[in-house]
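S.K.: Residue numbers (my numbering): 141 to 613. Could you have a look at this structure, given as structure tokens, before my questions?
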Amino acid sequence: MIDEIHEECGIFAVAGHPRAAELCYYGLYALQHRGQESAGIAYGTGGKLKTKKGMGLVSDVLSGEDVKHMAGDVAVGHVRYSTAGESRIENAQPITVNMWRGQCSLAHNGNLVNATELRESLEREGSIFHATSDSEVVAHLLARSKEANIVAAFKEVLEKLEGAYALALVTPEGVLAAKDARGFRPLCVGELDGAYIFSSETCGLDAVGAKFLREMDAGEMAFARIERDAEGKITSCALEYSRALPPKPQTLCVFEFIYFARPDSDIYGQNVHAARKALGRRLAQKGSVEADLVTGVPDSSLSAAAGYAEEAGIPYETGLVKNRYIGRTFIAPEQSLRELGVKLKLNPLKSLVEGKRVVLVDDSIVRGTTCRYIVGLLRSAGAKEVHVRISSPPYRFPCYYGIDTSSKGELAASSQSVEEIREAIGADSLVFLDMSDLKEVLGKGISGFCYSCFDGNYPVVSRTHPAKGGGEA
């Protein structure tokens, strides 16, 4: 998939390292695939923070020369796509706030289903909002907490939030991190030179040479507590884990494995590339098609395409060339920009596909516009046949937990049969992976996923996000 849906954000935080901002900078580069609308870093020492953020890629907002002058031993960084709130600088993160406890800076990945209710309540109590994102709600709740201890205040705020979140908070005493009670979004912990690092994905840890410690559990809170001497120098940095919320069945977003996460990342010990390759293999087992080559849509579908080709015994080829100097176009906020992005981003290798029967593997079809365009690209390059294979089930229901597909009407599979979608995209054949296959392949190493975009069974609902199926208010 190249422009169909939008992921939410990536977060990276460092506690207790003299080059905290620099590490954060490189960590954000590794997480750039998770959001390309804005980027930022808050950094400093002992509750005295500075923030640099702006619209665009990490390279647009920050430079290696910038971060060399960003002094401090704590930092938190963020790359964003707007799943809740408009695409504007006021919504860029981290969000730095001045509180009576000292300066704190927050980064959030996910989406709160009760953000509207919380915001209305805060505004009635006098809070003034400067942005439209749900993340600012968290900052206001934290600022209004009467708990003197920042850890207790953070826990109090977590108890009020519903929906999906992975949070990192720089405080005067160190860095706090937490995941929601169901663990919708990934967040891992690493160690480097006695400092602790929190990252949305393990590829962020790899980028800075940090040792992976573990994935945080659902409903868990971690505190990298820094002790200082009278001169403000670090004497110790210790990591403390605690349960912030009562345990609930885990519902990790299944799209982390299907599309969002980088192939070289591991989530709960399961490698993303290996998982996608296994999905491709299972897809090939559903039935063969006479074809000359298999190709995948760069980049998220390449692993599944390789698995499909190996299982089917059909040669794998790079049938589509990607312009790597254009961002991940699905993150463009408007459909017209997404379509232009696809045209600029992909070009077929005519010498490979001309006169050939092509199997095109993609990770999903959401709106269908991109797949139709790619099928057309291959046909215009002379492909004799184009058979589309999707390594996930039909995407029928909107997501309220951090993916920008909040309108059911824009989802192709919500109103069309597989045959109707095939006709709409212009493919010679179309096959989706079954839910049972998806669950069997991915469920071997991880306890639970959220499949609501496929089956409409939402684990958490609210009055502003009514949902079909199960769930809790």
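The beta carbon of each residue, even a glycine, is placed where N, CA and C say it ideally should be.
(1) Is it buried or exposed, E380, if we count other Cβ atoms within 10 angstroms and call 16 or more buried?
(2) Could you have a look at M210 and say whether DSSP puts it in helix, strand or coil?
(3) Output the distance between the C-alpha atoms of F397 and A415, rounded to the nearest integer angstrom.
(4) Quick one: any contact between the region 488-507 and the region 426-433, if contact means 3 or more CB pairs under 8 Å?
(5) Measure the C-alpha to C-alpha separation of G566 and A523 and round it to an integer number of angstroms.
(6) Tell me whether P386 is buried or exposed, calling it buried when 16 or more other Cβ atoms sit within 10 Å of its Cβ.
(7) Any idea what DSSP makes of G549, helix, strand or coil?
(8) Relative to the C-alpha of P312, which candidate in G184, E162, F338 has its C-alpha closest?
(9) With three or more beta-carbon pairs closer than 8 Å as the criterion, would you say the region 227-238 touches the region 159-166?
(10) Given this structure, state the Cα-to-Cα distance separating G436 from S491, to the nearest angstrom.
(11) So, L316 versus V297, is the Cβ gap smaller than 8 Å?
(12) Assign Q425 to one of two classes, buried (16 or more other C-beta atoms within 10 Å of its C-beta) or exposed (fewer than that).
(13) Looking at C-alpha atoms only, which residue of R174, A170, V493, I337 is the closest neighbour of C149?
(14) How big is the Cα-Cα spacing for I407 and N463?
(15) Among the candidates D274, S504, L489, L517, whose CA atom is the shortest distance from the CA of Y540?
(16) In the DSSP assignment, find the unbroken beta strand (DSSP E) run with G194 in it and report its ends.
(17) Have a look at N254 and F537 and give me their C-alpha separation to the nearest angstrom.
(18) Pull the bridge partners of L202 from the DSSP assignment, please.
(19) Helix, strand or coil, according to DSSP, for H527 in the structure here?
(20) DSSP three-state call for T510: helix, strand or coil?
(21) By alpha-carbon positions, which one of A306, K208, A362 ends up nearest to A155?
(22) Between F589, A279, T510, G314, which has its C-alpha nearest E550's C-alpha?
(23) Taking the beta carbon of M157 as the centre, do at least 16 other beta carbons fall within 10 Å, making it buried, or is it exposed?
(24) Quick one: what does DSSP say N231 is sitting in, helix, strand or coil?
(25) Return helix, strand or coil for V571, following the three-state DSSP convention.
(26) Roughly how many angstroms lie between the CA atoms of A553 and D502, to the nearest whole one?
(27) In or out: R402 buried (at least 16 other Cβ within 10 Å) or exposed?
(28) Do L307 and V277 count as a contact pair if the criterion is CB distance below 8 Å?
(29) Whole angstroms are fine: how far does the CA of P534 sit from the CA of G167?
(30) Just the Cα atoms here: how many angstroms apart are A384 and K300?
(31) Using the three-state DSSP reduction, which class does T621 fall into: helix, strand or coil?
(32) When the distance is taken between beta carbons, is Y448 closer than 8 Å to R562?
(33) Can you grab the Cα-Cα spacing for the pair G186 / G420, in whole Å?
(34) From the DSSP output, read off the bridge partner residues of Y381.
(35) Which whole-angstrom value is the C-beta distance of R325 and G250, which I expect to be below 8 Å?
M.R.: Concretely, from the data shown:
(1) exposed
(2) coil
(3) The C-alpha of F397 lies about 7 Å from the C-alpha of A415.
(4) yes
(5) 12 Å
(6) exposed
(7) helix
(8) G184
(9) no
(10) 16 Å
(11) no
(12) exposed
(13) R174
(14) In this model, I407 and N463 are separated by some 28 Å (Cα to Cα).
(15) D274
(16) 188-195
(17) Roughly 19 Å separates the two Cα atoms.
(18) Bridge partners of L202: none, in fact.
(19) strand
(20) T510 sits in a helix when the DSSP states are folded into three classes.
(21) Between A155 and the set A306, K208, A362, the nearest pair of CA atoms involves A362.
(22) Residue T510 holds the alpha-carbon nearest to the alpha-carbon of E550 among F589, A279, T510, G314.
(23) Residue identity differs from the one stated: residue 157 is His in this sequence, not Met. Its Cβ being crowded by 16 or more others within 10 Å, H157 is buried.
(24) Correct three-state label for N231: helix.
(25) Taken through DSSP and simplified to helix, strand or coil, V571 comes out as strand.
(26) Their backbone Cα atoms lie some 15 Å apart in a straight line.
(27) buried
(28) no
(29) 33 Å
(30) 11 Å
(31) Outside the modelled stretch of the chain, which goes from 141 to 613, sits residue 621, for which no answer is possible.
(32) no
(33) 49 Å
(34) A362
(35) The Cβ separation is near 5 Å, so the contact holds.
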